[in-house]
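What follows is the structure, given as structure tokens:
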């Protein structure tokens, strides 16, 4: 008898592993140490030795790197159900900074918690490894985005990816989604200037593909956008739980 | 009593987790299904549904994505001890292609092998998650490379990263390393033309920093190269086994 997944993380992992009552309890235990963080205050600083990771329960954050020359590259945005700083827990030190874009709720996860959870339940370890793999697949796509795609393809690809991720935790669909991002975030994530982002967004709207405004993204022609971006969601998808 | 790690993977994971005799046995078991592949023949095709991953035992491979428009982005190179297609096993489908650059020896790992290994030994799951995290950290660095670094910084950063990775499996040092890569590989990995790579390599040699030639990379001024690339190896390092 499966209990209803009560957190975005359980919902996300549940798409990969059919979670038992015992496994859901282990996941619930990972959510014990709740913290609320205000928007704009770094949760993790690059270079910080930190043995804690976080699970994002509500709100949006971005992970970024500042280069010694001062420029900033946003690596990814995290949405509810995502791990923050899972790499840091394993690498001993944070290789990036994490900034809440909205007020957020996080659950602190110590490396010992994670190890205990794995001992109690190796299937859960596999599910978390899957989530980490999906995160890596997204960074790979962002690499291809910046390395090989035009500005309009990049923006389109980014919006479609975000939409698919949000759908998995019940926060988006093919009609659109709410979001807190600005064109400055898009610029720093996609290696474009904010003026360029602005121009691309106008073109996407005029072409009847997608309307991006403050607080909301509304797809006008989802399939047309998929075609423009040559978006292939296989790196995000899974055809039902792989582990029964 | 610790046995000497007999494979590059055991050596690499051993830097993170102090491996017991039982854990080394589990790792050995993952190496049972050996295959030899000739250089130039794809081991994995993008889009291939494939439930096997591989551990690279000897030789060099590259992972790349081909875009629908035909351009190619090399995501990373793999060296002995690295997993190939670990993401594919978890994502049901390969999001990239894998091509041997030299003749290689690989061990096939089925998803069931991995799950069995995790059940027998959750510490090993943590070690593999660490290896996956380090791989992700490298892709993040490559993203920053292409997004924010100049051509000469990119090439320098790439050579230093490769050197640190090779050192971990006993195949390189601060004086240099053997390699099978050409300027075409560098171009496709770093988002540069091969003519541009060639010019950058000449400049690095003339500046007395590093001499890159067929088959070998020789550091002439390692610290100078670190300074040029603003290379910070924290994303690759670990200060001894985290799990005793």
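Chains as they are written, first to last, in UniProt numbering: chain V, 1 to 244; chain H, 1 to 244. Glycine included, each C-beta is placed from N, C-alpha and C at the ideal position. Note that the coordinates shown come from a computational prediction; the quantities given were computed from them, not determined experimentally.
Query: Rounded to the nearest angstrom, what separates residue 24 of chain V and residue 32 of chain V at their Cα positions?; Result: 13 Å
Query: Does chain V have any CB closer than 8 Å to the CB of residue 235 of chain H?; Result: yes
Query: Taking only the alpha-carbon atoms, compute the straight-line gap between residue 15 of chain V and residue 124 of chain V and give it to the nearest angstrom.; Result: 12 Å
Query: So is residue 135 of chain V in contact with chain H if we call contact Cβ pairs under 8 Å?; Result: yes
Query: Looking at the C-beta of residue 125 of chain H, does it have a partner C-beta in chain V at a distance below 8 Å?; Result: yes
Query: Report the start-end ranges of each beta strand (DSSP E) in the UniProt domain "HTH crp-type" (149-223) of chain V that is 3 residues or longer and not cut off at the edges.; Result: 176-178, 210-213, 216-219
Query: Apart from the five residues on each side of it in sequence, which residues of its chain come closer than 6 Å, Cβ to Cβ, to residue 224 of chain H?; Result: 209
Query: If the cut-off is 7 Å on Cβ atoms, which residues from the region 107-119 of chain V count as contacting chain H, listed in chain order?; Result: 115, 118, 119
Query: Considering only the beta carbon of each residue, do residue 41 of chain V and residue 100 of chain V sit closer than 8 Å?; Result: yes
Query: Going along chain V in order, which residues have a C-beta closer than 9 Å to the C-beta of residue 148 of chain H?; Result: 65, 67, 69, 71, 72, 73, 191
Query: Please report how far the alpha carbon of residue 29 of chain V lies from the alpha carbon of residue 132 of chain V, in whole angstroms.; Result: 20 Å
Query: With DSSP as the reference, please indicate the residues paired to residue 97 of chain H in a beta bridge.; Result: H:64
Query: For the beta strand (DSSP E) that residue 76 of chain V lies in, which residues bound it at each end?; Result: 72-78
Query: For residue 282 of chain V, list the residues DSSP reports as bridge partners.; Result: Residue 282 of chain V lies beyond the residue range present for chain V, which begins at 1 and ends at 244; the question has no answer from this structure.
Query: Take the Cβ of residue 49 of chain H as the centre, count every other Cβ of all protein chains shown within 10 Å, and call the residue buried at 16 or more, exposed below.; Result: exposed
Query: Looking at residue 77 of chain V: is its Cβ nearer than 8 Å to the Cβ of residue 55 of chain V?; Result: no
Query: Less than 8 Å between CB atoms is the rule here; does residue 129 of chain V satisfy it with respect to chain H?; Result: yes
Query: Taking 8 Å as the CB-CB cut-off, is residue 230 of chain V touching chain H?; Result: yes
Query: Please give the ranges of any beta strand (DSSP E) in the region 119-144 of chain H, keeping only runs that are unbroken, at least 3 residues long and fully inside the region.; Result: none
Query: Run down chain V in chain order and give the residues with a C-beta less than 8 Å from the C-beta of residue 207 of chain H.; Result: None at all; the shortest Cβ gap to chain V is about 19 Å.
Query: Quick one: is residue 184 of chain H buried, meaning 16 or more other Cβ sit within 10 Å of its Cβ, or exposed?; Result: exposed
Query: What three-state label does DSSP hand residue 27 of chain V in the structure shown?; Result: helix
Query: Kindly indicate which residue of H:204, H:234, H:43 has the alpha-carbon position closest to the one of residue 108 of chain H.; Result: H:43
Query: Strictly under 8 Å for the Cβ-Cβ distance: is residue 95 of chain H near chain V by that measure?; Result: yes
Query: Locate the beta strand (DSSP E) running through residue 41 of chain H, then write down its first and last residues.; Result: Looking at the DSSP string, residue 41 of chain H is not in any beta strand (DSSP E), and its letter there is neither H nor E.
Query: Need the endpoints of the beta strand (DSSP E) that residue 56 of chain V sits in, please.; Result: 52-58
Query: Out of V:46, V:112, V:187, V:106, which has the shortest C-alpha to C-alpha gap to residue 9 of chain V?; Result: V:106
Query: Can we say the region 215-229 of chain H touches the region 151-160 of chain H, given the rule of at least three CB pairs closer than 8 Å?; Result: yes
Query: Should residue 103 of chain V and residue 59 of chain V be called a contact, given that it needs their Cβ atoms to be closer than 8 Å?; Result: yes
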